[in-house]
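There are 2 protein chains.
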Amino acid sequence: MIDLLIEKLRSVLPDDRSFLALHEPNFQGNEWQYVKECLDTGWVSSVGKYVDLFEQKLVEYTGVSHAVAVVNGTAALHISLLLSGVEAGDEVLMPTLTFIATANAVSYCGAIPHFVDCEFRTLGLDPRKLATYLAEIAEVRQDECYNRQTGRRIKAIVPMHTFGHPVDLDPLLDLCARYQIELVEDAAESLGSFYKGQHTGGFGHIAALSFNGNKVITTGGGGAILTNDAELAKRAKHLTTTAKVPHKWEYNHDAIGYNYRLPNLNAALGCAQLEQLPGFLAQKRTLAKRYQEALQDVPGLTFVTEPDFAKSNYWLNAILLDETEAHRRDELLRATNEQGIMTRPFWTGMHKLPMFADCPRMDLTVAESLEWRTINIPSSPFLGGRHDEA
Amino acid sequence: MIDLLIEKLRSVLPDDRSFLALHEPNFQGNEWQYVKECLDTGWVSSVGKYVDLFEQKLVEYTGVSHAVAVVNGTAALHISLLLSGVEAGDEVLMPTLTFIATANAVSYCGAIPHFVDCEFRTLGLDPRKLATYLAEIAEVRQDECYNRQTGRRIKAIVPMHTFGHPVDLDPLLDLCARYQIELVEDAAESLGSFYKGQHTGGFGHIAALSFNGNKVITTGGGGAILTNDAELAKRAKHLTTTAKVPHKWEYNHDAIGYNYRLPNLNAALGCAQLEQLPGFLAQKRTLAKRYQEALQDVPGLTFVTEPDFAKSNYWLNAILLDETEAHRRDELLRATNEQGIMTRPFWTGMHKLPMFADCPRMDLTVAESLEWRTINIPSSPFLGGRHDEA
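Here the protein sequences come in this chain order: R and H.
Counting from 1 along the first sequence, just add 1325 to a position and that's the residue number in my numbering.
Counting from 1 along the second sequence, just add 1325 to a position and that's the residue number in my numbering.
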């Protein structure tokens, strides 16, 4: 099966490269021009036109009313949680299968991650299983949700759109309304992904994007906070810029703030990248389609496709091994990586990491199965061919 | 006096500009070449040669054994405090006259700033006055220092080298040894400043640098942690890169970590800037000398010069109004800014900000006097003329 998989992967991938990364950035647009302008004018840091322009372009593309650019997705999550009222001692629900940033950001607030199971359909949080679980452990008192088992408040939930595949948001929104829990969308991987026709990141209270080097578009390091609430956006900008009170020369600050503003140099890169996003997405859909076709006859695995309610950006393509083949995961990872086809497994479930081992969690059977069966395969846009071929 | 000051400032400053900023960056070296290489190779993010190179060049220049590049000076301070063992509920001594980042970083650790007075000679923390104060309020029990008044542990002290002028470190190091307090140098403003012949940032346990857009050199946004302790440096790198345990494909993390790594794109800028640092410093010394000469006959103020034990980078030039003239500060700020000569006052004392108003503090008479009498004046390297003229 492994040999056949490699043969089929090779049939999709170009044969002129000795190494294919999981996700390479592409800078063939206006990157040089915009970055050089920053250097020529001296505006590389916290002031400059590209930060505003990048935020404006994110608003236009996502349809979410406000965007605040920040240094990375972790910073975006941290501020999003603070602005959702998460306080020390609160619990925050999240899938156990997520990048470490989701759980770390909760810790920065002094809050406690509470791990939720995933579903096969989206690889993300399972709202139906969560509904059953909350019915058992949660209760609403004076418009706030409490965990009956720990006595702690459950303040927010952070669904993460895994590899760009949107989770099923409608039943989750119902749950949030019923239990008075704030929805913070971790859209770090889902720029260009839509749930029932609407861009991810606009469904909850507030959301986080990431533009790390391996994302659909990159700013070197970078992220953004999205929200439809003008007041929240204003507070996000304030908190991410050291909470300085505007004044011609006085240095007054009215809260404990953060130095999370995206430098203008990085925002310039982001503006050029956003211009190319539709092309990247078209290439990535073509690549996913080719993988799907090539891999359909490989026994023992399934190529992961977008759920029927969503249009995914296919940020990272993934295959799901059959349960009977799960024991061959590491063999498969070794064989592909040795042959220059970069692959990697799912993240380790957060509940298995030492610093989160004692955090509350529900039954995680599906997540634990997914963790051993899911493998990412090369997903760079250029692998889908040129846009006009797509 | 204000008219004469402006006349004298104009005699130093170029007359072909309608606006002179406090500190402008200069990108006339290899910036474009290095940044373009990042774009051409695709290495803009968390992996790439410039991060390592930048760290290596910082080590060579400062003489401190290890450097870890991070997203900004605030992040460098945060990690430096964590690695000095600062925990929730501890107190951390710092000058009340500092940029907000120093106090915020302490808050991120759940610790409490404890504000210390400054001295006229350095504008920074006064080690002699602190010695008297600690004799009153501190005691050492089982190798740890406690505040007798609050019962809390005093874990660290963060002297900040204001505007690049080094504080008097020797008596401070004596105090730290006597009271078992960790010295964390806030060298955010003092790249290129030396105390008794040795570069700042290498005297304590660990130190923080900043490369914000207004600093002596800039990476857009950026900072670095400096330490002579190899083990600390290793932990700093680990904590700033999400505490990921190295593995070919597994995603394991062994601590609550941070996404604080400097992107390669920004490090590339830093490499080019560091090459020009000696030239910038020479220009800045020339400018300071010209200011000193031009302002010596202006009544009611003194131009701030480096303390006799130090060689300062003169990051921001400053004038100190006589006490009798302090009431004219805002008038002076207004007049200069209206004429396109950017000036600004000292930061507001941290103890006056609402979120730190209840923090412990010693008598702050000198800091309160300095706050109303100190004004920064334009300090960009190019104002000192070309290096070969210097």
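For each residue, glycine too, the CB sits at the ideal point set by N, CA and C.
Considering only the alpha carbon of each residue, which of the options lies closest to residue i?
i, options, result
"R:G1388", "R:Q1608, R:D1554, R:F1671 and R:T1566", "R:D1554"
"R:L1347", "R:N1642, R:L1606, R:N1589 and R:D1622", "R:N1642"
"H:F1536", "H:I1700, H:Y1359, H:C1596 and H:M1680", "H:C1596"
"H:W1574", "R:E1510, R:I1666 and R:S1390", "R:I1666"
"R:G1527", "R:V1541, R:N1539 and R:E1510", "R:E1510"
"H:V1623", "H:Y1471, H:C1684 and H:L1645", "H:L1645"
"H:L1378", "H:L1612, H:A1682, H:L1498 and H:Q1598", "H:Q1598"
"R:P1496", "R:Q1353, R:T1699, R:T1457 and R:Y1471", "R:T1457"
"R:T1565", "H:A1426, H:Q1617 and H:K1609", "H:A1426"
"R:L1383", "R:T1525, R:E1656 and R:C1684", "R:T1525"
"R:L1695", "R:E1663, R:R1654 and R:A1532", "R:R1654"
"R:T1366", "H:L1612, H:K1361 and H:N1351", "H:N1351"
"H:T1699", "H:G1625, H:C1684, H:Q1664 and H:F1707", "H:G1625"
"H:A1635", "H:A1463, H:M1326 and H:L1494", "H:L1494"
"R:C1684", "R:P1339, R:S1405 and R:A1428", "R:A1428"
"R:E1600", "R:E1556, R:T1543 and R:Q1621", "R:T1543"
"H:S1390", "H:E1556, H:F1707 and H:N1539", "H:E1556"
Using 7 angstroms as the threshold, is the C-beta distance between residue i and residue j below it?
i, j, result
"H:L1448", "H:H1490", "yes"
"H:A1430", "H:L1551", "no"
"R:H1563", "R:S1409", "no"
"H:F1440", "H:M1680", "no"
"R:H1370", "H:G1709", "Just to set this straight, residue 1370 of chain R is Ser in the shown sequence, not His. Result no, Cβ atoms of R:S1370 and H:G1709 do not sit closer than 7 angstroms."
"R:S1704", "R:E1349", "no"
"H:E1444", "H:H1486", "no"
"R:A1619", "R:C1363", "no"
"H:V1465", "H:Q1505", "yes"
"R:M1419", "R:V1376", "no"
"H:L1678", "R:H1578", "yes"
"R:A1512", "R:L1498", "no"
"H:N1422", "H:A1660", "Checking the sequence shown, residue 1422 of chain H turns out to be Leu, not Asn. For H:L1422 and H:A1660, no; Cβs fall outside 7 angstroms."
"R:H1403", "R:Y1433", "yes"
"H:K1361", "H:V1411", "no"
What's the gap between the Cα of residue i and the Cα of residue j?
i, j, result
"H:V1396", "H:G1548", "6 angstroms"
"R:I1702", "H:A1580", "28 angstroms"
"R:D1633", "R:R1478", "34 angstroms"
"H:G1582", "H:A1558", "15 angstroms"
"H:Y1639", "H:A1651", "23 angstroms"
"R:K1374", "H:Q1467", "55 angstroms"
"R:A1401", "H:R1453", "43 angstroms"
"H:E1380", "H:T1475", "40 angstroms"
"H:W1697", "H:E1648", "9 angstroms"
"H:A1568", "H:L1407", "14 angstroms"
"R:L1602", "R:V1541", "8 angstroms"
"R:E1714", "H:L1590", "The predicted model places R:E1714 with a pLDDT of 44, which falls under 50 and marks its position as unreliable, so this point remains unresolved."
"R:Q1523", "R:L1606", "16 angstroms"
"R:F1424", "R:S1336", "30 angstroms"
"H:W1357", "R:V1372", "19 angstroms"
"R:Q1617", "R:N1662", "21 angstroms"
"H:A1613", "R:A1682", "57 angstroms"
Residue i touches chain C at which residues, Cβ-Cβ below 9 angstroms?
i, result
"R:D1579", "The chain inventory of the structure shown lacks chain C, comprising the protein chains R and H."
Chain R contacts made by the region 1547-1565 of chain H, where a contact means CB separation under 7 angstroms: Listed in sequence order: no entries.
Proximal residues, the region 1373-1404 of chain H versus chain R, C-beta separation under 8 angstroms: Legend: CB atoms of the region 1373-1404 of chain H lying less than 8 angstroms from CB atoms of chain R belong to residues V1396, N1397, G1398, T1399 and A1400.
Selection of the region 1652-1679 of chain H by Cβ proximity to chain R, strictly under 7 angstroms: Residues passing the 7 angstroms Cβ filter: L1658, N1662, R1669, P1670, W1672, T1673, L1678 and P1679.
Sufficient close CB pairs (3 or more, under 8 angstroms) joining the region 1409-1423 of chain R to the region 1623-1633 of chain R: These segments do not touch.
Cβ pair count under 8 angstroms reaching 3, the region 1392-1408 of chain R against the region 1576-1586 of chain R: Cβ pair count under 8 angstroms is three or more, so yes.
At least 3 beta-carbon pairs within less than 8 angstroms: the region 1677-1689 of chain R vs the region 1327-1334 of chain H: As far as the Cβ criterion goes, the region 1677-1689 of chain R does not touch the region 1327-1334 of chain H, which means the pair count is below three.
Three CB pairs or more closer than 8 angstroms across the region 1332-1343 of chain R and the region 1670-1679 of chain R: At 8 angstroms Cβ cutoff, the stretches do not touch.
Contact residues within the region 1354-1369 of chain H, judged by C-beta distance below 9 angstroms to chain R: Residues passing the 9 angstroms Cβ filter: E1356, W1357, V1360, K1361, C1363, L1364, D1365, G1367, W1368 and V1369.
Three or more C-beta pairs below 8 angstroms linking the region 1510-1519 of chain H and the region 1479-1499 of chain H: Output reads yes: the region 1479-1499 of chain H touches the region 1510-1519 of chain H.
Chain H contacts from the region 1444-1464 of chain R (Cβ-Cβ distance under 9 angstroms): Hits within the stretch: zero.
Under 9 angstroms (Cβ pairs) to chain H, residues found in the region 1406-1428 of chain R: Within the region 1406-1428 of chain R, contact with chain H at the beta-carbon level (separation under 9 angstroms) is assigned to A1413, F1424, I1425, A1426 and A1428.
Interfacial residues, the region 1517-1540 of chain R to chain H, with Cβ spacing under 8 angstroms: Listed by position along the chain: N1537, G1538 and N1539.
Residues in the region 1682-1715 of chain H having any Cβ partner in chain R nearer than 8 angstroms: Within the region 1682-1715 of chain H, contact with chain R at the beta-carbon level (separation under 8 angstroms) is assigned to no residue.
Residues within the region 1588-1617 of chain R neighbouring chain H, beta-carbon criterion of under 9 angstroms: Contact annotation: in the region 1588-1617 of chain R, residues whose CB is within less than 9 angstroms of a CB in chain H are P1588, N1589, L1590, N1591 and L1594.
Residues in the region 1469-1490 of chain R having any Cβ partner in chain H nearer than 8 angstroms: Residues: none.
Interfacial residues, the region 1621-1643 of chain H to chain R, with Cβ spacing under 9 angstroms: Per Cβ criterion, the list is empty.
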